[in-house]
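Each remark here refers to the structure printed beneath this line.
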Amino acid sequence: RAGEIVVDFFAGGGGASEALRQALGRDPDIAVNHDHLAIGMHAANHPFTHHEEADVWAVNILRQVGGRLVGWFHASPDCTDHSQAKGGQPRCHETRSLSWVVLKVAGTLAKHGLAPRIISLENVKQILKWGPLIAKRDKATGRVVKLDGTVAAPGERVPLREQYLVPDPRHVGRTWDQFVAALRALGYVVEWKKLRANDYGA
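Residue numbering for the sequence shown follows the working numbering, beginning at 237 and increasing consecutively.
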């Protein structure tokens with residue numbers, strides 16, 4: 237709509253931004269990524285966008301939008317620690333939690349009457365199973381498995397940062413449900429689809 241801007245978080249090569257450009261006939265107004273190479277690639281593909289090289293959690297979104305209404309806020313948080321492609325590798329809680337920045341941005345803007353009209357989030361289908369992580373246990377002894385693959389000694393307390401973390405099968409999807417509920421509490425109608433890239437020419 238007239239006067240509205242488009243914001244893209246976790247902007248890398250710019251696939252989502254290119255889709256928005258093809259759909260809307262304009263580049264995103266603001267793109268954010270902490271990675272120098274990623275934001276540089278985005279800048280090369282979208283030279284008319286204002287680029288912010290910063291941690292998404294640290295961005296002052298009110299300063300960035302400058303009082304303008306956000307028509308579309310898109311985010312593509314890192315999906316590797318949700319994906320089945322990760323296999324048996326340990327998961328990182330911080331990486332899995334990146335989607336919460338969507339709530340931070342939307343909530344901050346909403347408090348100032350600037351709530352994004354549309355929010356889109358791109359990730360892998362396994363995000364629907366997003367839930368808490370627990371320490372992997374050795375099948376033979378039941379003891380905690382460490383990041384280096386060794387098993388804790390009897391009675392040893394392993395610090396969280398040294399534990400091999402895996403999704404808790406007892407709470408599959410719990411965090412996703414909380415995330416959706418938080419969006420609904422802000423007044424959004426939430427829906428999602430599973431798309432296969434090879435159905436769209438990839």
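Cβ atoms here follow ideal geometry from the backbone N, Cα and C, with glycine treated the same way.
Remember, predicted model here, so these are calculated numbers, not experimental data.
Could you give the residue range of the alpha helix (DSSP H) that holds residue 312? Segment: none, residue 312 is in no alpha helix (DSSP H) and carries neither H nor E.
The beta strand (DSSP E) spanning residue 286 covers which residue range? 286-289
Looking only at C-alpha atoms, which of 399, 299, 264 sits nearest to residue 245? 264
According to the neighbour-count rule (16 or more other Cβ atoms, all chains shown, within 10 Å of its Cβ), is residue 395 buried or exposed? exposed
Does the distance from the C-beta atom of residue 365 to that of residue 403 stay below 9 Å? yes
Residue 253 (DSSP reduced to helix, strand or coil): helix
Under the three-state reduction of DSSP, which class applies to residue 292: helix, strand or coil? coil
What separation, rounded to the nearest whole angstrom, lies between the Cα atoms of residue 376 and residue 370? 18 Å
Is there a Cβ from chain C that is less than 9 Å from the Cβ of residue 369? The structure shown contains no chain C, having only a single protein chain.
Could you tell me whether the Cβ atoms of residue 342 and residue 419 are closer together than 9 Å? yes
Close-in-space but distant-in-sequence residues of the same chain around residue 314 (CB under 8 Å, 5 per side omitted): 246, 331, 334
According to DSSP, which residues form a beta bridge with residue 369? 403
Determine the contact status of residue 307 and residue 240, defining contact as a CB-CB distance below 9 Å. yes
Which residue from 383, 401, 358 puts its Cα closest to that of residue 368? 401
Quick one: Cα of residue 350 to Cα of residue 427, how far? 22 Å
For residue 285, I'd like the list of residues in its chain whose CB is within less than 6 Å of its CB, leaving aside the five on either flank, ordered along the chain. 263, 264, 267
Selection from 269, 434, 388, 386 that minimises the alpha carbon distance to residue 295: 269
Spatial neighbours of residue 380 within its chain, please: C-beta separation below 7 Å, excluding the five flanking residues on both sides. 371, 373, 388, 394, 399
Of the residues 260, 250, 407, 252, which one's Cα is nearest the Cα of residue 238? 260
7 Å CB neighbourhood of residue 344 in its chain, flanking five on each side removed: 297, 298
Buried/exposed call for residue 248, threshold 16 Cβ in 10 Å: buried
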